[in-house]
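Residue numbers (numbering that gives the first Met the number 0), protein chains in the order written: chain A, 0 to 277; chain B, 0 to 313.
The block underneath contains the structure these notes are about, expressed in structure tokens.
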Amino acid sequence: MATDQVLRSKSVEYRKTILRVIKQARAGHTGGDLSAIDILNVLYNHVLNVTPQTFGDPNRDRFVQSKGHCVEALYTVLADRGFFPAADLDTLCHYQSPYIGHPTRGVPGIEHNTGSLGHGLAVAVGMALAGRLDGRAYRVYTLMGDGELGEGSVWEAAMAASHYHLDNLTAIVDRNGLQITGPTEKVNPLEPLADKFRAFGFAVREVDGNDTAALVALFEQLPFEPGKPNAVIANTVKGKGVSFIENARAWHHRVPSDEEYDSAIRELDLACELDEGR
Amino acid sequence: MQPGRANLDVFAETLLELARQDRDLLAVTSDSRGSGKLTAFGDALPGQIIELGIAEQNVVSVAAGLASAGKKVFAVSPACFLTARSFEQVKTDVAYSDHPVRLVGISAGVSYGALGATHHSLHDLAALRAVNNLTLIVPADNFETREAIRAVYQSAHPVYLRFGKAALQHVHQPGDAFQIGKAALVRAGGDLTFIACGETVAPALAAAEKLAGEGLDCRVLSMHTIRPLDEEAVLRAARETGAIITVEEHSVAGGLGEACAASLLQARVWAAFKIVGFPDEHMVHGSQAEIFRHYGISSQGLAETARQLAAQKA
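The following block contains the structure:
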């Protein structure tokens with residue numbers, strides 16, 4: 000189990016890697032990667048019982064990244080955890096590279112292919128149900144975007160999750176409040192979001208999704224209420240960690256220029272120094 | 000031909016037999032256990048049927064998740080909904096992700112003939128032929144259905160099967176063989192070939208028997224596997240009989256007929272050729288048998304088409 004200092008330091012390194020990889024590939028979902036990275040960090044470095052060696056073990060924990068477009072963040076964490084060499088990240092979106100712009104099982108450590116939104120929760124329901132039927136103790140986690148919750152299939156899956164009392168399932172919402180057109184509450188409002196999940200039978204908790212210590216503390220409480228599937232509304236900042244990317248709609252999938260990249264790295268390094276000095 | 004039972008009944012019975020021996024076998028349904036004849040399965044093995052309600056998209060994705068965790072899943076839902084409502088789930092969560100789900104489209108084609116286009120599946124083979132990594136099976140009779148279910152139970156990759164709910168004639172003889180990807184010869188003949196699939200094989204065979212009395216000796220193939228298509232059998236039919244009529248309970252666009260035509264043309268093999276299926280028009284409604292007769296999928300209709308094609312061949 001990593002200390003929070005280690006997790007915070009990893010988050011900074013992950014952000015720098017994400018920006019580098021996106022700049023190099025000339026493609027990526029910068030804003031959502033940066034909002035989700037602390038969640039992925041905590042999952043893979045503290046919560047999930049899975050390693051490259053145990054990925055084929057039927058008792059491993061499962062993670063399905065339903066918001067597949069934020070794949071650079073996932074690849075970055077998987078590389079750091081040793082699922083594949085970090086140098087592979089440099090092939091993102093290259094001709095014939097398995098490291099394409101959405102997760103696929105062609106990449107070590109990935110359970111399920113995603114990209115089209117609204118699928119991950121339902122697949123995770125199937126995985127959790129299988130675990131329940133087989134009496135296995137593994138847990139299943141899925142990460143969804145908030146804009147993604149407009150897909151009706153999410154709510155079909157939510158009904159099934161509570162019908163089957165899947166308290167081994169955790170649905171995490173990266174609640175950064177922005178989708179490609181603008182604020183979620185202007186495009187297709189989600190609030191009251193916690194009430195919606197409660198009404199669908201979930202035990203719901205809200206958390207600062209960019210606070211690694213808060214995330215660790217919350218995940219240690221699973222299951223929140225025995226017999227109910229878990230929903231974590233992770234309130235995040237889209238583009239978190241780089242001032243000019245934060246909450247900026249244009250950065251949904253903008254690629255940093257050389258100057259923007261240098262400026263972002265300086266900001267992240269400075270924040271890291273301040274953090275270490277605190 | 001001897002009368003048989005509905006393929007649906009044979010499917011349900013075969014599935015129950017397999018499930019009794021294997022607790023990892025699961026049937027996943029969309030409020031469809033009644034229409035899938037799975038009530039007995041659910042009563043006998045309540046722990047092996049997963050009911051998800053009227054939520055076909057969820058059925059397919061949950062099936063994929065179950066399969067990824069080692070379950071042998073049969074996702075059973077009316078073909079019209081399973082392949083249209085859930086098309087993206089089939090494409091992404093099953094085929095693209097390569098989780099070995101057996102998708103079972105029940106009451107396929109015009110089984111629900113009088114209920115309208117919402118309940119017809121005339122597009123499924125065309126749509127799914129364009130999706131990579133999915134074996135497509137349309138069994139003709141009780142024998143093929145039983146063999147197909149037993150074969151796909153062992154499959155490590157995704158499969159789609161579809162069949163109807165009407166009682167059928169047996170087109171196979173005792174001792175016949177069934178192999179996925181290999182056309183089944185149900186009648187030998189040298190003058191013309193009917194390449195049919197599913198519930199159109201029986202009328203094709205009846206037409207061939209009628210035509211034999213007129214001196215036209217027709218071969219009948221049950222092309223139960225639409226993909227991978229037995230191209231060798233198609234080419235052989237063209238070379239040896241010179242005339243082919245394809246028959247399918249499906250739109251004439253993109254199904255068995257066009258798959259055969261593409262094989263022939265690309266191999267530069269010529270034959271007099273006719274695709275019998277449903278044309279691009281607002282469909283007539285009625286029972287499956289009435290709709291078949293309306294569009295010439297009957298012993299009389301197919302015999303007449305064969306006479307015309309045989310004349311062209313000369």
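Cβ coordinates follow ideal geometry from the N, Cα and C atoms, glycine included.
Keep in mind that this is a model prediction, so the values were computed, not measured.
Report task. Flag this pair as yes or no: are the beta carbons of Y260/A and K9/A separated by less than 8 Å? Result -> no
Query raised in the report: Helix, strand or coil: how does DSSP classify R32/B here?
Result: coil
Requested in this report: Report yes or no: is there a C-beta of chain A within less than 8 Å of the C-beta of D97/B?
Outcome: yes
Query raised in the report: If we cut at 8 Å on Cβ distances, does G125/A have a partner in chain B?
Result: yes
Query - Selected residue, minimal CA-CA separation from L88/A, among V139/A, G27/A, G144/A and E272/A - result: G27/A
Requested in this report: From the DSSP output, in three-state form, read off F223/A for me.
Outcome: coil
Report task. Out of G55/A, I38/A, R131/A and A249/A, point me to the one whose CA is closest to I179/A's CA. Result -> A249/A
Query raised in the report: Considering only C-alpha positions, which residue in the set T304/B, A302/B, A107/B and A94/B is nearest to G197/B?
Result: A107/B
**Report entry** One or two residues paired with C217/B in a DSSP bridge
**Finding:** L191/B
Query raised in the report: Within 10 angstroms of its Cβ, does Q307/B collect 16 or more other Cβ (buried), or is it exposed?
Result: exposed
Query - Opening and closing residue of the alpha helix (DSSP H) in which R128/B lies - result: D123 to R128
Query raised in the report: When the distance is taken between beta carbons, is G125/A closer than 8 Å to S85/B?
Result: no
Query - CB-CB length for K164/B against A66/B, believed under 8 Å - result: Contact flag wrong, Cβ pair sits at about 26 Å.
Report task. Over the uninterrupted alpha helix (DSSP H) stretch that includes K239/A, give me the two end residues. Result -> Note, K239/A: premise wrong, no alpha helix (DSSP H); not H, not E.
Query raised in the report: For the beta strand (DSSP E) that contains I136/B, what are its first and last residues?
Result: T134 to I136
Requested in this report: Could you confirm whether any beta carbon from chain A is found closer than 8 Å to the beta carbon of V317/B?
Outcome: Given a span of 0 to 313 for chain B in the structure shown, any question on residue 317/B remains unanswerable.
Requested in this report: Determine which residues share a DSSP beta bridge with F73/B and list them.
Outcome: A26/B and R101/B
Requested in this report: Measuring alpha carbon to alpha carbon, tell me which of H45/A, Y13/A and T29/A ends up nearest A212/A.
Outcome: H45/A
Requested in this report: Using a Cβ-Cβ cut-off of less than 9 Å, list which residues of the stretch 38-50 of chain B approach chain A; keep chain order.
Outcome: G46, Q47, I49 and E50
Report task. Note down the Cα distance separating S34/A from D210/A, rounded to an integer number of angstroms. Result -> 11 Å
Query raised in the report: Relative to the alpha-carbon of R218/B, which residue among A176/B, V170/B, V251/B and H284/B has its alpha-carbon at the smallest distance?
Result: V170/B
Report task. Show which residues of chain B have a CB atom less than 8 Å away from the CB atom of L128/A. Result -> I49, V61, G64 and L65
Query raised in the report: Comparing alpha-carbon positions, which option in S34/B, A18/B, S250/B and K209/B lies nearest F73/B?
Result: A18/B
Report task. Return helix, strand or coil for S250/B, following the three-state DSSP convention. Result -> strand
Requested in this report: Please classify Y140/A: does DSSP put it in a helix, a strand, or coil?
Outcome: strand
Requested in this report: Spell out whether any CB of chain B is found under 8 Å from the CB atom of P57/A.
Outcome: yes
Query raised in the report: What residue range is occupied by the uninterrupted beta strand (DSSP E) comprising K273/B?
Result: A271 to F277
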